[in-house]
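Only one structure is covered here, and it is reproduced in the block below.
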Amino acid sequence: MVMNSSRRTDVQVGDVSRLFDGRRLTLARQLIGLRKNALAAKIDKSPTAVAAYENNTKRPAPATVAQLCLTLGVDPGFFLPGPHQAASDSVPHFRSLRSTTQLARDQAFAYGVISGDVGAALERHVEFPEPNLPRLSVDVEDESSTLPEEAARLLRKHWGIGSGPVGHLVRLAENHGVVVVFSPAQTAAVDAYSFDDGYRPTVVLNPAKEDYYRQRFDVAHEIGHLVMHVDAEPGSKVVENQAHRFAAELLLPEDELGDLLPSKADWRVLARLKETYGVSLQALLYRSRALGVMSDVTYRNAVAYLSSKGWRRREPGEMPAVEQPSLYPKAVEILSSVGMDELSLAKESRVTPGLFRTVTARAPVREELFLATQEIESTDGVIPLFRSKDNEPGT
Numbered sequence: 218m219v220m221n222s223s224r225r226t227d228v229q230v231g232d233v234s235r236l237f238d239g240r241r242l243t244l245a246r247q248l249i250g251l252r253k254n255a256l257a258a259k260i261d262k263s264p265t266a267v268a269a270y271e272n273n274t275k276r277p278a279p280a281t282v283a284q285l286c287l288t289l290g291v292d293p294g295f296f297l298p299g300p301h302q303a304a305s306d307s308v309p310h311f312r313s314l315r316s317t318t319q320l321a322r323d324q325a326f327a328y329g330v331i332s333g334d335v336g337a338a339l340e341r342h343v344e345f346p347e348p349n350l351p352r353l354s355v356d357v358e359d360e361s362s363t364l365p366e367e368a369a370r371l372l373r374k375h376w377g378i379g380s381g382p383v384g385h386l387v388r389l390a391e392n393h394g395v396v397v398v399f400s401p402a403q404t405a406a407v408d409a410y411s412f413d414d415g416y417r418p419t420v421v422l423n424p425a426k427e428d429y430y431r432q433r434f435d436v437a438h439e440i441g442h443l444v445m446h447v448d449a450e451p452g453s454k455v456v457e458n459q460a461h462r463f464a465a466e467l468l469l470p471e472d473e474l475g476d477l478l479p480s481k482a483d484w485r486v487l488a489r490l491k492e493t494y495g496v497s498l499q500a501l502l503y504r505s506r507a508l509g510v511m512s513d514v515t516y517r518n519a520v521a522y523l524s525s526k527g528w529r530r531r532e533p534g535e536m537p538a539v540e541q542p543s544l545y546p547k548a549v550e551i552l553s554s555v556g557m558d559e560l561s562l563a564k565e566s567r568v569t570p571g572l573f574r575t576v577t578a579r580a581p582v583r584e585e586l587f588l589a590t591q592e593i594e595s596t597d598g599v600i601p602l603f604r605s606k607d608n609e610p611g612t
């Protein structure tokens with residue numbers, strides 16, 4: 218459903234100085250991959266001053282706002298308070314906290330928040346499904362209960378998933394109000410992650426994972442976090458294992474697969490189940506062992522065979538295209554048909570056109586839309602998502 222829109226005017230730097238929201242400065246700094254002291258050096262201010270701007274204990278002068286815009290590659294309106302503000306206690310569920318730096322995680326989360334800004338802007342004009350996720354809090358120190366499996370069965374019932382394979386999982390999640398987006402290529406070092414920041418439950422997919430079967434498991438895994446771990450600290454082995462168990466039960470229900478899984482490594486049977494249920498051979502082997510259908514010895518031998526054949530990297534057979542989000546892309550298409558182009562929508566979302574296209578893309582964006590500046594180091598595995606205006610050709 219398309220709603221009425223109104224014209225927006227350019228925002229003046231002086232007005233922004235009076236209404237400046239320091240949380241938006243934190244977001245812009247994290248997006249470009251800068252620490253406070255690095256930003257302070259670029260705008261010739263002290264780290265204490267930058268901290269005061271971000272904490273809203275001090276307002277930057279108009280000239281400082283202009284310098285922040287040039288340095289961070291944003292328009293003045295980016296720093297105004299918005300209708301969507303990420304909850305301060307929202308914590309993304311990253312797969313491993315040890316494999317990525319805090320700076321990289323901050324950047325990834327900032328991108329997720331920006332995806333919420335884009336969604337909030339789109340929802341001024343189109344109607345999205347209401348979030349419809351059941352909650353079943355699971356003790357993050359409990360390694361033995363069956364609550365993860367019960368949570369998956371609860372979701373299947375809540376979403377009306379009948380017996381048999383789950384269909385297009387990304388579309389199913391979107392139909393129940395979950396936002397699914399691809400992250401930029403620059404953040405591919407961070408695996409799929411999820412969070413619920415007060416706008417909508419959100420799943421951010423790795424753009425480099427071109428594996429249909431593993432991506433589906435990733436989506437199921439992240440939905441598990443959203444159902445079970447709203448208030449849980451992310452990254453622990455127990456939490457990740459609970460999300461894996463949830464995903465396995467969601468995609469491969471015990472009451473259906475128990476009689477179908479082979480006790481031996483029958484690759485023909487496993488290949489048929491792979492195609493039917495949309496999961497990898499490795500996931501099926503793991504599920505067989507977890508359900509007690511396959512012994513530990515048989516499982517280990519089967520995994521060794523997978524490795525010897527190179528199937529752990531690329532399993533045999535044709536690879537379907539990964540499932541694609543449609544909630545944001547369809548909204549953009551609808552609005553474009555009534556005269557609202559991407560540039561105006563990006564401006565309303567307060568993001569660059571390139572970043573808007575990445576957030577609203579059906580498929581991962583491969584081209585370099587967000588070029589790194591020469592001054593910004595990426596030794597922490599962080600590449601700027603904004604292109605600083607003072608480093609564009611011809612300026």
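Just add 217 to the spot in the sequence shown (first one is 1) and you have the working numbering. Idealized CB from N, CA, C, for every residue including glycine.
Going by the CB atoms, is the gap between residue j and residue i shorter than 7 Å?
i: Val343; j: Ala283; result: no
i: Gly495; j: Arg433; result: yes
i: Leu383; j: Val397; result: Looking at the sequence provided, one finds Val at residue 383 rather than Leu. Cβ distance not < 7 Å, so Val383 and Val397 don't count as in contact.
i: Leu386; j: Val436; result: yes
i: Pro418; j: Pro348; result: yes
i: Pro570; j: Leu560; result: yes
i: Arg567; j: Phe237; result: no
i: Arg246; j: Leu256; result: yes
i: Leu523; j: Arg530; result: no
Could you check what DSSP says for residue i in three-state terms: helix, strand or coil?
i: Tyr416; result: coil
i: Phe399; result: strand
i: Val447; result: coil
i: Ser411; result: strand
Please report how far the alpha carbon of residue i lies from the alpha carbon of residue j, in whole angstroms.
i: Met220; j: Asn392; result: Low local confidence applies: a pLDDT of 46 at Met220 is under 50, so the model's placement there is unreliable, with the coordinate-based value given in what follows. Met220 and Asn392: Cα-Cα distance of roughly 19 Å.
i: Val520; j: Ala258; result: 52 Å
i: Gln319; j: Leu477; result: 44 Å
i: Leu572; j: Tyr328; result: 9 Å
i: His442; j: His310; result: 7 Å
i: Thr493; j: Ser505; result: 16 Å
i: Gly509; j: Ala269; result: 58 Å
i: His446; j: Val456; result: 8 Å
i: Glu439; j: Thr404; result: 17 Å
i: Leu244; j: Arg370; result: 37 Å
i: Asp232; j: Pro581; result: 37 Å
i: Glu358; j: Arg517; result: 27 Å
i: Tyr416; j: Gly299; result: 12 Å
i: Lys526; j: Ala507; result: 23 Å
i: Ser234; j: Arg341; result: 26 Å
i: Phe345; j: Thr363; result: 34 Å
i: Arg574; j: Gly394; result: 21 Å
i: Leu372; j: Ser354; result: 13 Å
Please determine, among the options, the residue with the shortest C-alpha to C-alpha distance to residue i.
i: Ala325; options: Leu467, Asn423 and Ser234; result: Asn423
i: Val549; options: Asp261, Asp558 and Tyr410; result: Asp558
i: His375; options: Thr363, Val568 and Ala390; result: Ala390
i: Leu487; options: Met511, Ser362 and Leu562; result: Met511
i: Phe463; options: Pro365, Lys426 and Arg529; result: Pro365
i: Pro542; options: Lys526, Trp528 and Ala578; result: Ala578
i: Trp484; options: Glu471, Gly534, Val539 and Leu372; result: Gly534
i: Ala409; options: Leu256, Arg489, Leu353 and Arg431; result: Arg431
Since I believe residue j is in contact with residue i (beta carbons under 8 Å), could you give me their beta-carbon distance rounded to a whole number of angstroms?
i: Pro264; j: Lys275; result: So it is not a contact: roughly 13 Å between Cβ atoms.
i: Gly333; j: Asp414; result: 6 Å
i: Leu289; j: Ile249; result: 6 Å
i: Arg322; j: Val267; result: Rounded, the Cβ-Cβ distance is 20 Å, inconsistent with contact.
i: Pro242; j: Ile260; result: According to the sequence shown, residue 242 is Leu rather than Pro. Not confirmed; about 11 Å, so no contact.
When you measure from the CB of residue i to every non-hydrogen atom of the ligand GTP, does any distance come out below 6 Å?
i: Glu427; result: Because no ligand of any kind appears in the structure shown, any question about the ligand GTP cannot be addressed here.
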